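Trainee:
There are 4 protein chains.
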Amino acid sequence: MLILMEAEATRAQIDRVCDRVRELGYAPHEMPGAQRVAIGVTGNKGGIDPGHFKRLDGVHDAVAVSRPYKLVGREVNPEGTIVEVAGTRIGGGELTVMAGPCSVESRDQVLSTARHVRSLGATILRGGAFKPRTSPYDFQGLREEGLELLAEAREATGMPIITEVKDTETLPLVARYADILQVGARNMQNFTLLEAIGGLDKPVMLKRGMSASVKEWLMAAEYIVSRGNLNVVLCERGIRTFETATRNTLDLGIIPLLRGMTHLPIIVDPSHGTGVAAAVTPLARAATAVGVDGIMVEVHPEPAKALSDGPQALTFPMFETLMAEVSKVAGAIGQPVAQLSTPSKTPSTSAHDEARA
Amino acid sequence: MLILMEAEATRAQIDRVCDRVRELGYAPHEMPGAQRVAIGVTGNKGGIDPGHFKRLDGVHDAVAVSRPYKLVGREVNPEGTIVEVAGTRIGGGELTVMAGPCSVESRDQVLSTARHVRSLGATILRGGAFKPRTSPYDFQGLREEGLELLAEAREATGMPIITEVKDTETLPLVARYADILQVGARNMQNFTLLEAIGGLDKPVMLKRGMSASVKEWLMAAEYIVSRGNLNVVLCERGIRTFETATRNTLDLGIIPLLRGMTHLPIIVDPSHGTGVAAAVTPLARAATAVGVDGIMVEVHPEPAKALSDGPQALTFPMFETLMAEVSKVAGAIGQPVAQLSTPSKTPSTSAHDEARA
Amino acid sequence: MLILMEAEATRAQIDRVCDRVRELGYAPHEMPGAQRVAIGVTGNKGGIDPGHFKRLDGVHDAVAVSRPYKLVGREVNPEGTIVEVAGTRIGGGELTVMAGPCSVESRDQVLSTARHVRSLGATILRGGAFKPRTSPYDFQGLREEGLELLAEAREATGMPIITEVKDTETLPLVARYADILQVGARNMQNFTLLEAIGGLDKPVMLKRGMSASVKEWLMAAEYIVSRGNLNVVLCERGIRTFETATRNTLDLGIIPLLRGMTHLPIIVDPSHGTGVAAAVTPLARAATAVGVDGIMVEVHPEPAKALSDGPQALTFPMFETLMAEVSKVAGAIGQPVAQLSTPSKTPSTSAHDEARA
Amino acid sequence: MLILMEAEATRAQIDRVCDRVRELGYAPHEMPGAQRVAIGVTGNKGGIDPGHFKRLDGVHDAVAVSRPYKLVGREVNPEGTIVEVAGTRIGGGELTVMAGPCSVESRDQVLSTARHVRSLGATILRGGAFKPRTSPYDFQGLREEGLELLAEAREATGMPIITEVKDTETLPLVARYADILQVGARNMQNFTLLEAIGGLDKPVMLKRGMSASVKEWLMAAEYIVSRGNLNVVLCERGIRTFETATRNTLDLGIIPLLRGMTHLPIIVDPSHGTGVAAAVTPLARAATAVGVDGIMVEVHPEPAKALSDGPQALTFPMFETLMAEVSKVAGAIGQPVAQLSTPSKTPSTSAHDEARA
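Chains as they are written, first to last, in the numbering used here: chain A, 1152 to 1508; chain B, 1152 to 1508; chain C, 1152 to 1508; chain D, 1152 to 1508.
#1: Could you tell me the alpha carbon to alpha carbon distance between A/Val1168 and A/Pro1201, rounded to whole angstroms?
#2: Tell me which residues share the same chain as C/Leu1246 and place their Cβ nearer than 8 angstroms to its Cβ, disregarding the 5 neighbours each side in the sequence.
#3: Identify, in the order they occur along the chain, each residue of the same chain with its Cβ nearer than 7 angstroms to the Cβ of B/Tyr1220, setting aside the five sequence neighbours on each side.
#4: Return the residue from the list B/Leu1222, B/Thr1308, B/Arg1225 and B/Thr1264 that minimises the CA-CA distance to B/His1451.
#5: Count the C-beta pairs between the stretch 1299-1309 of chain D and the stretch 1283-1290 of chain D that are closer than 8 angstroms, then say yes if the count reaches three, no if not.
#6: Which residue wins for smallest C-alpha separation from D/Leu1434, given the options D/Pro1468, D/Ala1457 and D/Met1474?
#7: Can you tell me the Cα-Cα spacing of D/Arg1162 and C/Phe1470, whole angstroms?
#8: With a Cβ-Cβ cutoff of 9 angstroms, do D/Gly1349 and D/Ile1375 count as a contact?
#9: Closer than 8 angstroms by beta-carbon distance: list the chain A residues that pair up with C/Arg1391, in chain order.
#10: Assign A/Asp1352 to buried or exposed, taking buried as 16 or more other Cβ atoms, counted over all protein chains shown, within 10 Å of its Cβ.
#11: Residues of chain C with a CB under 8 angstroms from the CB of B/Lys1479: which are they?
#12: For A/Leu1491, which of A/Glu1299, A/Thr1308 and A/Gly1176 has the nearest alpha-carbon?
#13: List the residues that DSSP assigns as beta-bridge partners of C/Met1339.
#14: What would DSSP say about C/Ile1154, mapped onto helix, strand or coil?
#15: Leaving out five residues before and five after B/Ala1160 in sequence, what residues of the same chain have Cβ atoms less than 6 angstroms from its Cβ?
#16: Quick test of your reading: C/Thr1432 and C/Thr1472, contact by CB under 8 angstroms. State the CB separation rounded to the nearest angstrom.
#17: Which value, in whole angstroms, describes the spacing of the CA atoms of A/Gln1260 and A/Ser1254?
#18: So, B/Leu1153 versus B/Ser1377, is the Cβ gap smaller than 9 angstroms?
#19: Touching or not, the stretch 1384-1403 of chain A and the stretch 1401-1418 of chain D, by the rule of three or more beta carbon pairs under 8 angstroms?
#20: Of the residues that make up the stretch 1397-1409 of chain C, which ones have a beta carbon closer than 8 angstroms to any beta carbon in chain B?
#21: May I ask which residues mark the beginning and end of the beta strand (DSSP E) holding B/Asp1212?
#22: Compare the C-beta of D/Phe1342 with all C-beta atoms of chain C and state if any pair is closer than 9 angstroms.
#23: List the whole-angstrom C-beta distance separating D/Val1334 from D/Leu1344, where the pair is believed to meet the contact cut-off of C-beta under 8 angstroms.
#24: Give me, in chain order, the residues of the same chain whose beta-carbon lies closer than 6 angstroms to that of B/Met1339; leave out the 5 immediate sequence neighbours on both sides.
#25: Strictly by DSSP, which residues pair up with A/Gly1445?
#26: What residues from the stretch 1247-1279 of chain C come within 9 angstroms of chain D, judged by C-beta to C-beta, listed N to C?
#27: Is B/Gln1333 helix, strand or coil when you go by DSSP?
#28: Pop quiz: D/His1211 and C/Gly1461 are said to be a contact at Cβ under 8 angstroms. What is the actual Cβ separation, rounded to whole angstroms?
#29: C/Gly1442 versus chain B: which residues are under 8 angstroms apart at the beta carbon?
#30: Which of helix, strand or coil does DSSP assign to D/Leu1175?
#31: Considering only C-alpha positions, which residue in the set A/Gly1279, A/Glu1346, A/Gly1278 and A/Glu1299 is nearest to B/Glu1320?
#32: With DSSP as the reference, identify every bridge partner of A/Val1355, one or two as the case may be.
#33: Compile a chain-ordered list of the residues in the stretch 1350-1363 of chain A whose CB is closer than 9 angstroms to at least one CB of chain B.
#34: For D/Pro1468, does the count of other Cβ atoms within 10 angstroms reach 16, so buried, or fall short, so exposed?
#35: Could you give the DSSP three-state label for B/Thr1432: helix, strand or coil?
#36: Work out the CA separation of A/Thr1466 and B/Ala1158 for me, nearest whole Å.
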């Protein structure tokens, strides 16, 4: 923290600021300049709220110098964190492809989608069972039934599953099924949920809030990590701006900066990031090229009939194109597409599945 | 819902769209135009997701026509809702002033502030006991002790209290103390919390999310009202924009539109809306002049020592100025400042308080 | 400028930064702290580009301390500037009302509007003759004919006129007719135009750009003032945000801060600020209450037939309501509505006008 | 245009709307629905201003259906426009690399940079001679001397040059030197400048305004094209959002949509788009992967000494890395990096240059 005094600040004002610094348990360091005095503050762990000083007489401004986050900062793990998920991993130089429907809607829908994306190289299956929706009248997900269908798809394909957890009430239930918990953009600052997840030993993917600054996002991750759960993955999914031609504005420019700021793996979601199916594959290529640890996309056997997010879902052929193109770009930057260590079960459909199909 | 077909849409494509409308349980109404066909959709209750149609072949666009919210819409209660709170009311043509510290920090702080704001005409005491903070390392509130201090201040002054509830876990506890529950901007789309509050018979003030559109805000209110709790008050507290000179951009322009859209009372919070103490009184005047049901401001005996939001807290003399100026503006537009029906206890301080003072 | 070195910066790196400061003609002041060294930079007039230092080895950040603008800063004229316009003035504690049509469309339209707004107390007539339009196919204004009609309305009513100048080409022509030049939001950083206006001795109202920070806006004013034209008035007209319910988001929160930053008079335009006629009067009241030197609104005899900005134009009766309400609010905050020193000609319509009416 | 009537609109109101449509020279098409009547409007060329109808009694909303732009729309040239520049071309499936300093500062600086970027494959040299700067006290460019240095660099390397034109006053001068005129973000809606450029037969690159919607950007291009100059290239350079960690938010998500909307070539500028040198190469890779016709980056022999935009300039080695990586990504998506048809002069420096070096 650097406190900049007004040019005309009096000796008494400067002294009072130094006293206040001491009162708070820190050490003031007076640094006289030609036009004004600056006061450095040291002895703090973590950030100091500039609000403590801005209102004192004679203070021009108070500027935070040290970073407010501690455990998620790059310097804590310069190599970068690798999050282990059943049979695969996120981070460590490979590109993880997560794919699946926005919402789990039916057994056929989720199984056919899971098999399709698995056969093309996706290693993690996404699907929503508890859906936070803007309207109380919209489809809210199949709930536990949806989780069971996801588990069945995992069984059938060998892919671990990621699914959203929307509250602490359903956290134990969702955690029982999910390989990775997803915290949605609206819950990025649901601190009680973050703390509860922080107490689990389960990977979590934290989506950036719609209007969250990078600092706020990292502080949200710090909530989880500071409770002991180090398996946090960040997911950029677009921010809200004045531009309405796309559903959100995918902020790829932040990725290289984020890399320097944190050791956590980074995923990009071009489906929510654009909201337009035709834009998903180009942006998946772009996300790959900018350098991320994975991408997450929505795929649906029949997008026009999807119960949520139809306009942004890829058809099966579109996903095939995506995988082909993303693989080429990943290859060009020397990043292999991540594999499952468990053998894919896609070719051998189980009798159980056959019977119902 | 109006579905606009492409100019070159074929007969078969139009038929398929009409079939899809029927499949969803609605009625299609073909409306041939000179250049293109439009298809009206009727028979729906509440909004239809345009996503159902946007991906069908031959569809140019799908435009929502009816409003997605039902119970909070102006037409449901054209007179406007009045929310009754112990001893006072919000709505109905009066201007309610809510004031108090950002966080409850100590007995002296909250009691002296409560007495001060009460003596100048505030009718509802604000104060945070559970504080959602961006950093896990920041002061998180006095929790139940804070609630008890608020209750003591209520006892001492006769003012009902409003305090933030941040999760379902602490909802029963907070609801036991609070006269009005406050849902903060970060929780505006915490649907589980909204639903839980919807099941109570307790007034609630719902703050607008930092980047929530008006429609999303009203849908969040709809979550509460649709569960049976009609005592919802909206609070505009500034939105996030590119401008960083103020903490947020207070969106007063939305107020007249909101009036036409909903019957719920509307409060404006110029403290969070600007983040700068010197701007709070001018914006409180402006909010009053634009026409609202109340204002909420932060007041602190010694802002420079506040544990949260010091830069935006009013000192006692600043609050006195605010009340004088806001009263004049309210008078100019013919809106009386709301009174407490219970006699103010401020003049007669209890022996209990005297002893400790 | 304060340059913050990295905690691990070497002596050589610090020396190199100091050398660079001297190379640029400034003086470095080393200020050792407990964790890092800061280097104060003095000897500069106006702002220093932090870019000079941010890329040097060992530099953590470079923070501007002094304000980049000089002539428009509050301290240059703490009393506040009063801009004299033929027969009236902007600033100095009165509230100026500027009103008139968006575009000048016909003799009848502009004269009837001018007489109406004059009769109700407006002192400056607005009207666009050269219209910058988003589409090249939209109505671009009556050009010189429009200026002549404005001049005729001035003659008829005694009101000085404000009209937009959109380029240096038409500046001499527009300046011949206008009492106040208006620079639109799109031209706020048309520096060549600003410089040309800076060379004139003619009042100018500079609208804030759609996404201009306060600093950028003041720097744009500095372009004009630094060329010698001190008669600059600022106009807040709404900024672009994610919210689309209103055309723009009127940023009233910035007004009190702006007052502290600059001595220039400040006008608010609630017509562009909201884009919705029903919201204009409430926001005009709010702007008055927040404390400005004037408001500017669009009025049209028949908004549904307006060639531009119909949705936001006030009808004649709506403007009458606005004046009544704004006067009351202005009275409540002790600010009289500005008067014309020249006698109003409204009652005595000239024979010339009579003949055509 | 579709006009949606209120559910309770009367017959007379509907008739009056239809009359108004006819008055404006269009044809109304009444389309009765179950809940409300819609009125289609046909017979228009180009867009109709919805403002004509929104204020009429009984009108709920007026929705534009046809696109407002005509000449820049994709359907006008489905193959995509190729802009021919001396010795090279933009569009047509190749990736053009434009590189050079932000500002031309000295003969050595521009020549060494030009030779460096040419030797690595850039085909167009960028450099600013007339610099629009936020502050009137900042370096404004070397003006004509800068143009001469650019011309000398063109002579030395064979690369055509792109340089910014900031006003109509200097347009003839700049056009005499430049192979491509650049219109900066601040001038995107400087319609007089656009019209003047529209009258020339010279390629122009139109940067997106800081807060311009895609539609506004395309309409700005329409200003140029509608005057006869078809050689327009669009350049996405980042938009202004709440996020301040990067200078702007590079909007790559818009690129695939833009492709569908317009036939004009598209360039991305990751230097301004991020404002951080370390982010430029990753975003250049991403822009290449998303599918554009070229990229433009700032390169400086010694960024720490740059007179403008130092923090975002690439050093020579950084640009070498960029070219290597971008080439690989371009290869992966099957897009060759554009070449100069004129032989590069880099290896054989002229005696003229040698003498001065």
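Every residue, glycine too, gets a C-beta built ideally from N, C-alpha and C. On a predicted model such as this, the values are computed, not experimentally measured, just so you know.
Mentor: On the basis of the data shown:
#1: For the purposes of this step, residue 1168 of chain A is taken as the residue at position 17 of the first sequence. For the purposes of this step, residue 1201 of chain A is taken as the residue at position 50 of the first sequence. The alpha-carbon atoms of A/Val1168 and A/Pro1201 are separated by roughly 12 angstroms.
#2: Locating residue 1246 of chain C in the third sequence gives position 95, where the first residue counts as 1. Close CB contacts of C/Leu1246 within its chain, under the 8 angstroms cut and outside five residues either way in sequence, are with Thr1439, Val1443, Asp1444, Gly1445, Ile1446, Val1477, Ala1481, Gln1486, Pro1487, Val1488 and Ala1489 (chain order).
#3: As a first step, residue 1220 of chain B is located in the second sequence; it is residue number 69 there, counting from the start. Cβ within range, chain order: Leu1369, Met1370 and Glu1373.
#4: Within the second sequence, the letter at position 300 stands for residue 1451 of chain B. Ranking B/Leu1222, B/Thr1308, B/Arg1225 and B/Thr1264 by Cα distance to B/His1451 puts B/Thr1264 first.
#5: By the Cβ criterion, the stretch 1299-1309 of chain D is not in contact with the stretch 1283-1290 of chain D, since fewer than three pairs of Cβ atoms, one from each stretch, lie closer than 8 angstroms.
#6: Numbered from its first residue, the fourth sequence carries residue 1434 of chain D at position 283. Of the residues D/Pro1468, D/Ala1457 and D/Met1474, the one whose Cα lies closest to the Cα of D/Leu1434 is D/Met1474.
#7: Counting from one through the fourth sequence, the residue named residue 1162 of chain D turns up at place 11. Counting from one through the third sequence, the residue named residue 1470 of chain C turns up at place 319. D/Arg1162 and C/Phe1470: Cα-Cα distance of roughly 30 angstroms.
#8: Here the question's residue 1349 of chain D lines up with position 198 in the fourth sequence. Here the question's residue 1375 of chain D lines up with position 224 in the fourth sequence. For D/Gly1349 and D/Ile1375, yes; Cβs fall inside 9 angstroms.
#9: Position 240 of the third sequence holds residue 1391 of chain C. Result: Phe1393.
#10: One-based indexing of the first sequence puts residue 1352 of chain A at position 201. That one is exposed.
#11: Looking up residue 1479 of chain B in the second sequence gives position 328. Proximity of chain C to B/Lys1479 at the Cβ level (cut-off 8 angstroms) is accounted for by Ala1483 and Ile1484, in chain order.
#12: On the first sequence, position 340 is the one that residue 1491 of chain A refers to. Among A/Glu1299, A/Thr1308 and A/Gly1176, the Cα nearest to that of A/Leu1491 belongs to A/Thr1308.
#13: Residue numbering aside, residue 1339 of chain C sits at position 188 when the third sequence is read from its first letter. Note: C/Met1339 sits in no beta bridge, so no partner.
#14: The count along the third sequence starts at 1 and reaches residue 1154 of chain C at position 3. Strand.
#15: Working through the second sequence from its first residue, we reach residue 1160 of chain B at position 9. Gly1209.
#16: Translated into the one-based positions of the third sequence, residue 1432 of chain C becomes position 281. Translated into the one-based positions of the third sequence, residue 1472 of chain C becomes position 321. With 8 angstroms as the limit, C/Thr1432 and C/Thr1472 qualify as a contact, their Cβ atoms being about 6 angstroms apart.
#17: Along the first sequence, read from residue 1 onward, the residue named residue 1260 of chain A stands at position 109. Along the first sequence, read from residue 1 onward, the residue named residue 1254 of chain A stands at position 103. Cα to Cα, A/Gln1260 sits roughly 10 angstroms from A/Ser1254.
#18: Taking the first residue of the second sequence as 1, we reach residue 1153 of chain B at position 2. Taking the first residue of the second sequence as 1, we reach residue 1377 of chain B at position 226. Going by C-beta atoms, B/Leu1153 is not nearer than 9 angstroms to B/Ser1377.
#19: Yes, the stretch 1384-1403 of chain A is in contact with the stretch 1401-1418 of chain D.
#20: When C-beta distances to chain B are compared with 8 angstroms, the residues of the stretch 1397-1409 of chain C below that value are Thr1397, Asn1399, Thr1400, Leu1401, Asp1402, Leu1403, Gly1404, Ile1405, Ile1406, Pro1407 and Leu1408, in chain order.
#21: As a working note, residue 1212 of chain B is residue 61 in the second sequence. Val1210 to Val1214 is the extent of the beta strand (DSSP E) around B/Asp1212.
#22: Translated into the one-based positions of the fourth sequence, residue 1342 of chain D becomes position 191. So yes, D/Phe1342 belongs to the interface.
#23: Along the fourth sequence, one-based indexing puts residue 1334 of chain D at 183. Along the fourth sequence, one-based indexing puts residue 1344 of chain D at 193. Yes, D/Val1334 and D/Leu1344 are in contact; Cβ-Cβ is about 7 angstroms, under 8 angstroms.
#24: For the purposes of this step, residue 1339 of chain B is taken as residue 188 along the second sequence, with counting starting at 1. Hits under 6 angstroms: Gly1360, Ala1363 and Ala1371.
#25: Here residue 1445 of chain A is taken as the residue at index 294 of the first sequence, counted from 1. Bridge partners of A/Gly1445: A/Thr1247 and A/Ile1418.
#26: Listed by position along the chain: nothing, the set is empty.
#27: As a position in the second sequence, residue 1333 of chain B is number 182, starting the count at 1. Strand at B/Gln1333.
#28: Along the fourth sequence, read from residue 1 onward, the residue named residue 1211 of chain D stands at position 60. Along the third sequence, read from residue 1 onward, the residue named residue 1461 of chain C stands at position 310. Contact between D/His1211 and C/Gly1461 fails: their C-beta atoms lie close to 16 angstroms from each other, not under 8 angstroms.
#29: Locating residue 1442 of chain C in the third sequence gives position 291, where the first residue counts as 1. Those within 8 angstroms of C/Gly1442 in chain B are Pro1433 and Arg1436.
#30: Residue numbering aside, residue 1175 of chain D sits at position 24 when the fourth sequence is read from its first letter. Coil at D/Leu1175, not helix or strand.
#31: One-based indexing of the second sequence puts residue 1320 of chain B at position 169. Looking from the CA of B/Glu1320, the closest CA among A/Gly1279, A/Glu1346, A/Gly1278 and A/Glu1299 belongs to A/Glu1346.
#32: Position 204 of the first sequence, counted from the first residue, corresponds to residue 1355 of chain A. DSSP lists A/Leu1332 and A/Val1383 as partners of A/Val1355.
#33: The stretch 1350-1363 of chain A vs chain B, Cβ under 9 angstroms: Gly1360, Met1361, Ser1362 and Ala1363.
#34: The residue labelled residue 1468 of chain D in the question sits at position 317 within the fourth sequence. It is exposed - the Cβ of D/Pro1468 has fewer than 16 other Cβ atoms within 10 Å.
#35: If you number the second sequence from 1, residue 1432 of chain B lands on position 281. It is helical.
#36: Residue 1158 of chain B sits at position 7 when you count from the first residue of the second sequence. Residue 1466 of chain A sits at position 315 when you count from the first residue of the first sequence. Straight-line spacing of the CA atoms in B/Ala1158 and A/Thr1466 works out to 25 angstroms.
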